[in-house]
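Asker: Dropping the structure in here first, questions after.
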Amino acid sequence: MNKLVIYIDMDGVLANFDKSHRQLEKESGKKVHRPDLVLDFATFEPMKGAIEAVKKLEEMGHNLFIATTPPWDHPDSWGQKRNWIQEHLPTLKRKMFLTHRKDMLKGDILIDDSFSRGQPNFEGEWMHFGQDGMDWPYVVETIQNMTNMLKVINK
Ligand SMILES: [Mg+2]
452 MNKLVIYIDM DGVLANFDKS HRQLEKESGK KVHRPDLVLD FATFEPMKGA IEAVKKLEEM
512 GHNLFIATTP PWDHPDSWGQ KRNWIQEHLP TLKRKMFLTH RKDMLKGDIL IDDSFSRGQP
572 NFEGEWMHFG QDGMDWPYVV ETIQNMTNML KVINK
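Residue numbering for the sequence shown follows this note's numbering, beginning at 452 and increasing consecutively.
Okay, structure coming up:
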């Protein structure tokens, strides 16, 4: 099997949650402690390099999915996330998992910047985005190397 099943987190990986949080605080002139309950998730800017990276992973032939944890107490965010995907990554439509338990997902790679939703217990490889220089170019390069290796092994 040369095709990997890859899950990609949204906030802090595909979508720039922090930037919208900072903008909200700047505009309101005060600290916002639960931005996840008030922000419009459809309006987040894509993270640097994210859209291009997804395209490259698709070109490698892998099976990509979104795996995101929407705030339970902000149910509008569930639809806002869907709308973000429709706008920025339409090739991933109908490939979205909403879950608070990322360890329950079945697959090879999980690209995620957080560890509080079961990421460390994901059955495949968890690429801890944002840690130790793990940015989009690094992720793409690593998966490209894995892809090349799989082609050799499965010849
Ligand atoms: Mg995240």
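By construction, the Cβ of each residue, glycine as well, lies at the ideal position given by its N, Cα and C atoms.
Bear in mind the structure is a predicted one, so any value in this text is a computation, not a measurement.
1. Just to confirm, are Asn514 and Lys454 a CB contact at a threshold of 8 Å?
2. For His460, name the three-state secondary structure that DSSP assigns.
3. With a cut-off of 8 Å on the beta carbons, I'd call Arg568 and His579 a contact; round off their distance for me.
4. Threshold first: 4 residues or longer. Then list the alpha helix (DSSP H) segments lying entirely within the segment 513-550, N to C.
5. Does DSSP put Glu576 in a helix, in a strand, or in coil?
6. Look up Asp564 in the DSSP assignment and say whether it is helix, strand or coil.
7. Under 7 Å from any heavy atom of ligand 1, does the C-beta of Gly463 make it?
8. So, at 6 Å on beta carbons, what are the nonlocal neighbours of Asp462 in its own chain, with the 5 sequence-adjacent residues on each side left out?
9. Would you grab the beta carbon distance between Leu508 and Leu490 for me? Rounded to a whole angstrom, and I think it's under 8 Å.
10. Consider the C-beta atom of Ser567 and the heavy atoms of ligand 1; say whether any pair is separated by less than 7 Å.
11. Considering only the beta carbon of each residue, do Asp487 and Asp564 sit closer than 8 Å?
12. Within this structure, are the beta carbons of Ile604 and Met511 separated by less than 8 Å?
13. Alpha carbon to alpha carbon, how far is Gly663 from Asp524?
14. Going by C-alpha distance, which of Leu561, Phe516 and Ala493 is nearest Trp529?
Answerer: The short version:
1. In the sequence shown, the residue the question calls residue 514 occupies position 63. In the sequence shown, the residue the question calls residue 454 occupies position 3. In this structure, Lys454 lies closer than 8 Å to Asn514 by Cβ.
2. The count along the sequence shown starts at 1 and reaches residue 460 at position 9. Sequence inspection shows Asp at residue 460; the His mentioned does not correspond to that position. DSSP places Asp460 in coil when its eight states are reduced to three.
3. Here the question's residue 568 lines up with position 117 in the sequence shown. Here the question's residue 579 lines up with position 128 in the sequence shown. So it is not a contact: roughly 13 Å between Cβ atoms.
4. 527-539
5. Position 125 of the sequence shown, counted from the first residue, corresponds to residue 576. In the structure shown, Glu576 sits in a strand (DSSP, three-state: E or B).
6. The sequence position of residue 564 within the sequence shown is 113, counting from 1. Asp564 falls in the coil class under three-state DSSP.
7. Start at 1 with the first residue of the sequence shown, and residue 463 comes out as number 12. Answer for Gly463: yes, Cβ within range of ligand 1.
8. Mapped onto the sequence shown, residue 462 falls at position 11. Excluding positions up to five away in sequence, the list reads Phe468.
9. For the purposes of this step, residue 508 is identified with residue 57 of the sequence shown, where counting begins at 1. For the purposes of this step, residue 490 is identified with residue 39 of the sequence shown, where counting begins at 1. Going by Cβ atoms, the distance from Leu508 to Leu490 rounds to 27 Å, so no, they are not a contact pair.
10. Along the sequence shown, read from residue 1 onward, the residue named residue 567 stands at position 116. Checking the Cβ of Ser567 against ligand 1 gives no.
11. Working through the sequence shown from its first residue, we reach residue 487 at position 36. Working through the sequence shown from its first residue, we reach residue 564 at position 113. For Asp487 and Asp564, no; Cβs fall outside 8 Å.
12. Here residue 604 refers to the residue found at position 153 when the sequence shown is read from its first residue. Here residue 511 refers to the residue found at position 60 when the sequence shown is read from its first residue. No, these two residues do not count as a Cβ contact at 8 Å.
13. The question about residue 663 has no answer, for the chain in this structure spans 452 to 606.
14. Within the sequence shown, numbered from 1, the residue matching residue 529 stands at position 78. The shortest C-alpha separation from Trp529 is found at Ala493.
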